[in-house]
Amino acid sequence: MYYENDREKEIIKYLPLVEKIVNRIDIKRSEYDRDDLYNIGVIGLMDALEKFDKSKKVPFEGYAYIRIKGTIIDEIRKTAPVSRTRMGKLNEYYRGKEKLEAELMRTPTEKEICAELKIDEKSLAKIHETVHNLASVSLEKVMFSDDGNSIELLDFLEDTHETGSEDTLLDKERQHLLTKHVGQLDKREQTILNLIYVEELSLKEIAYIFDISVPRVSQIHGKMILKLKGSMGREYDD
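Per this note's numbering, the sequence shown starts with residue 3, numbered consecutively.
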């Protein structure tokens, strides 16, 4: 009985962490609402409490963050309209990367990831390319979600290349426009965008790198998105 009460207290203690993670997830194109993701995150938290090994002397918050985020992302990926083979490889990559992050409490090297996944550097490079494309799509969805014409995830993951179509030209135009306007941001803003959408670092990790507060990173990110949406929107409408 004492164990159950103690466990319940621990769950309640870390519920704000679940909420923090859920609030950072873009649910516009997910089949889940925030309440759904919150409940899924709580399951991840319970799993983290169950599997956490105190003998490894790593902070529980860091371990729980990875487990909660991983549980939510895995659930979202199950509903993503992508090929099973490609998504299977991505899931293996993310699970392996998250496992190493939990064990090492740092970002694993490419050699460590290859060893964990039992793949060569060439295969890892292909996975990184897909991850990079996913990050680009995520950023473009932020830019173009208002008019419903954002580039779909499926467009990047499917192995089809229809050249010459109006849709393909439009997608290339958007990518060019995005690259152009990101290049007009100052160096720190470009670096933060890269860390968020390409390197996939958390706001806490970025705050540590720049020696600023997490709210400050969030504020900078929000201003950048508004700046990009404004400048790109004006040019895109012309």
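Ideal placement from N, C-alpha and C gives every residue a C-beta, glycine not left out.
Given the structure is predicted, the values throughout are model-derived calculations rather than measurements.
Beta-carbon gap between residue i and residue j smaller than 8 Å
i, j, result
"G64", "Y96", "no"
"G46", "I70", "yes"
"I74", "L39", "yes"
"V219", "I208", "yes"
"I23", "E77", "no"
"K225", "V216", "no"
"V2", "L195", "Past the boundaries of the shown model lies residue 2; the chain is included only from 3 to 240, so the question cannot be answered."
"E105", "C116", "no"
"L119", "E94", "yes"
"E191", "I214", "no"
"L51", "I13", "yes"
"A66", "Y16", "yes"
Integer-rounded CB distance, given that residue j should sit under 8 Å from residue i
i, j, result
"E112", "L102", "Actually they do not touch by this definition, with Cβ atoms about 11 Å apart."
"K189", "I129", "Rounded, the Cβ-Cβ distance is 28 Å, inconsistent with contact."
"V44", "V60", "Actually they are not in contact, since the Cβ atoms of V44 and V60 sit about 22 Å apart, beyond 8 Å."
Classification of residue i by the beta-carbon crowding that lies within 10 angstroms, buried from 16 upward
i, result
"Y210", "exposed"
"K56", "exposed"
"L230", "buried"
"G232", "exposed"
"P18", "exposed"
Coarse secondary structure for residue i, derived from DSSP in three states
i, result
"Q221", "helix"
"V20", "helix"
"T111", "coil"
"G72", "helix"
"Q186", "coil"
"K53", "helix"
"S2", "Because the chain spans 3 through 240 in this model, residue 2 falls outside it and cannot be assessed."
"R9", "helix"
"I27", "coil"
"V44", "helix"
"L203", "coil"
"D35", "coil"
"M145", "Only weak support exists for where M145 lies, its pLDDT of 40 falling under 50; the value from the coordinates is given anyway. Helix, per DSSP."
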